[in-house]
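Only one structure is covered here, and it is reproduced in the block below.
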Ligand code: FES
Ligand SMILES: [Fe+2]
């Protein structure tokens, strides 16, 4: 499938002349398959916070564009990521999350694996010619961790996570993300393309309308980045991570730099992870594409570790969870309307506003990874 080159050229024009991407960019299963192959199987994707698997044997499973995978903490304290299937005849082995103990046992014919992935037991295989159990450990994925955020990648080639992220760690350094703790998650099943979710998160053009009764109208500025990420900052002297007009329930993070004090960073760490960082908290929106018109959106929330020790931590934190969930659901409502319209045979791409500059940047990063002409 090729998208119309004229439409792609119009989507790539300077922002004051640019149009939206053609509908097929968001609706065509062939484009979705190209994204899977050329983007999701080739780049780092976010799994979870490291502290959510504190003990040896702790595991969590994920359905990813590469298929089912499992993250497991080994007896040596190291996290490892495996394809979540058995090397005999391919049953899924782990479900949900929990602790595997010393061994991962296949529920089909009881092959078992050490939690570092090596094959341990394989009953009734002694007559299999040329079978060497050393060759049948679990299939591994590369893993890399920045400031407690665990990412995996299918391909063994390409830049390390830090290189991929460019100057994102620097921009977020004064929030001390390595000292954050994950406290809350909600997952929404959204009937829209994954890119629409991230584009929406990178503009404040819609906030006074879609979020009229919650966060309301906002102003933002685009910040320069190097590496595979983009960034806007919503300008506000007080945290926008809660809906109150009063002071935020938690104090600002100590030692924020001058830029960070001015508002909330909204980012896309390509391909599909968003960090949103206010003066007092961090949350993420992580998109897992399921189909061209379906995405699982995980919203996760973190606070500086010492806030968790406050005796009234939970009632204070509840104001943040409420805001994140309400605002995410408002966005989902409008995005599902947009997806329905994009499926129309009558759809024609419309012009962009200067406030859509990072919407355009999001789309163009994808276009370039798919090697589409523009
Ligand atoms: S499929 Fe796992 S033991 Fe047979
Ligand atoms: Fe929004």
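In this note's numbering, the protein residues as written are 889 to 1262.
Built from N, CA and C at the ideal position, the CB exists for glycine as well.
Just so you know, these numbers come straight off a predicted model, no measurement behind them.
Buried/exposed call for residue i, threshold 16 Cβ in 10 Å
i            : result
residue 933  : buried
residue 1139 : exposed
residue 1050 : exposed
residue 1085 : buried
residue 900  : buried
residue 1202 : exposed
residue 914  : buried
residue 1166 : buried
residue 1018 : exposed
residue 1259 : exposed
residue 1014 : exposed
residue 1227 : buried
residue 1082 : buried
residue 1172 : buried
residue 973  : buried
residue 1108 : buried
residue 1208 : buried
residue 952  : buried
residue 998  : exposed
residue 898  : buried
residue 902  : exposed
residue 1092 : buried
Alpha-carbon spacing of residue i relative to residue j, whole angstroms
i            : j            : result
residue 949  : residue 904  : 44 Å
residue 928  : residue 1160 : 9 Å
residue 1219 : residue 1132 : 20 Å
residue 965  : residue 1032 : 15 Å
residue 1245 : residue 1011 : 59 Å
residue 975  : residue 1186 : 30 Å
residue 831  : residue 925  : Residue 831 is absent from the structure shown; the chain starts at 889 and stops at 1262.
residue 1002 : residue 907  : 53 Å
residue 1217 : residue 1022 : 48 Å
residue 1072 : residue 1060 : 20 Å
residue 1199 : residue 1102 : 28 Å
residue 1253 : residue 945  : 38 Å
residue 1065 : residue 1090 : 21 Å
residue 1058 : residue 1156 : 15 Å
residue 1074 : residue 1193 : 20 Å
residue 935  : residue 1206 : 24 Å
residue 1196 : residue 1204 : 10 Å
residue 912  : residue 1041 : 27 Å
residue 891  : residue 1030 : 33 Å
Closest residue to residue i among the options (Cα-Cα distance)
i            : options                   : result
residue 1224 : 1183, 961 and 1258        : 1183
residue 1238 : 1024, 890, 909 and 892    : 909
residue 1079 : 1163, 922, 1179 and 1157  : 1179
residue 981  : 1044, 956 and 963         : 956
residue 1123 : 907, 1149 and 1044        : 1149
residue 954  : 1102, 1064, 1110 and 1043 : 1043
residue 1191 : 1067, 1136 and 1144       : 1067
residue 1222 : 1211, 972, 1098 and 1206  : 1098
residue 1176 : 1162, 1170, 1109 and 1189 : 1162
residue 1212 : 1170, 1007 and 1252       : 1170
residue 1113 : 897, 1039, 920 and 1154   : 1154
residue 979  : 1106, 991 and 996         : 996
residue 984  : 1119, 890, 941 and 1118   : 941
residue 1039 : 1215, 1174 and 1189       : 1174
residue 1250 : 1135, 1118 and 1242       : 1118
residue 1215 : 991, 1100, 1041 and 1110  : 1100
Contact test: residue i Cβ vs ligand 3 heavy atom, cutoff 7 Å
i           : result
residue 996 : No copy of ligand 3 occurs in the structure displayed; its ligands are ligand 1 and ligand 2 alone.
Own chain, CB closer than 8 Å to residue i, minus 5 neighbours either side, in chain order
i            : result
residue 943  : 961 and 987
residue 1152 : 1121, 1122, 1124, 1127, 1128, 1129, 1164, 1165, 1166 and 1167
residue 1104 : 1095 and 1096
residue 1062 : 1141, 1143, 1144, 1145 and 1148
residue 1229 : 1235
residue 1264 : With the chain represented from 889 up to 1262, any question about residue 1264 goes unanswered, as that position is not in the structure.
Cut-off 7 Å between Cβ atoms - residues of its own chain near residue i, not counting five sequence neighbours on either side
i            : result
residue 1005 : 968, 970, 1025, 1026 and 1028
residue 1077 : 1184
residue 917  : 1180
residue 1034 : 1049, 1050, 1053 and 1057
residue 1055 : 1113, 1114 and 1115
6 Å Cβ shell around residue i - same chain, five flanking residues per side excluded
i            : result
residue 947  : 958, 960, 982 and 988
residue 1009 : 1000
residue 1116 : 1052 and 1158
residue 937  : 1036 and 1070
residue 1255 : 1262
residue 1243 : 1091 and 1093
Inset, instruction - Starting from the N-terminal side, write out each stretch of the beta strand (DSSP E) that is 3 residues or longer and does not extend beyond the stretch 975–999. - result: For the stretch 975–999, whole beta strand (DSSP E) runs of length 3 or above, ordered along the chain, are 985–987 and 991–993.
Legend entry - Minimum length 4: unbroken alpha helix (DSSP H) runs contained in the stretch 1143–1172: Those alpha helix (DSSP H) runs which fall completely within the stretch 1143–1172 and span 4+ residues are 1146–1149.
Inset, instruction - Run through the stretch 1076–1138 for me and flag every whole beta strand (DSSP E) of 3 or more residues, listed as ranges in chain order. - result: The beta strand (DSSP E) runs lying completely inside the stretch 1076–1138 and spanning 3 residues or more are 1108–1111 and 1117–1123, given in chain order.
Inset, instruction - Any chance you could list the alpha helix (DSSP H) runs of at least 4 consecutive residues sitting entirely within the stretch 907–958, in chain order? - result: If we require 4 residues or more, the alpha helix (DSSP H) runs fully inside the stretch 907–958 come out as 912–915 and 917–923.
Inset, instruction - At 4 residues or longer, and completely inside the stretch 1039–1082: list those alpha helix (DSSP H) runs for me, N to C. - result: Restricted to the stretch 1039–1082, the alpha helix (DSSP H) segments that are unbroken, complete and at least 4 residues in length are 1049–1053 and 1056–1059, listed in chain order.
Inset, instruction - Please list the segments of the alpha helix (DSSP H) lying wholly inside the stretch 1185–1241, counting only runs of 4 or more residues, in order along the chain. - result: List check, alpha helix (DSSP H) in window: 1201–1230.
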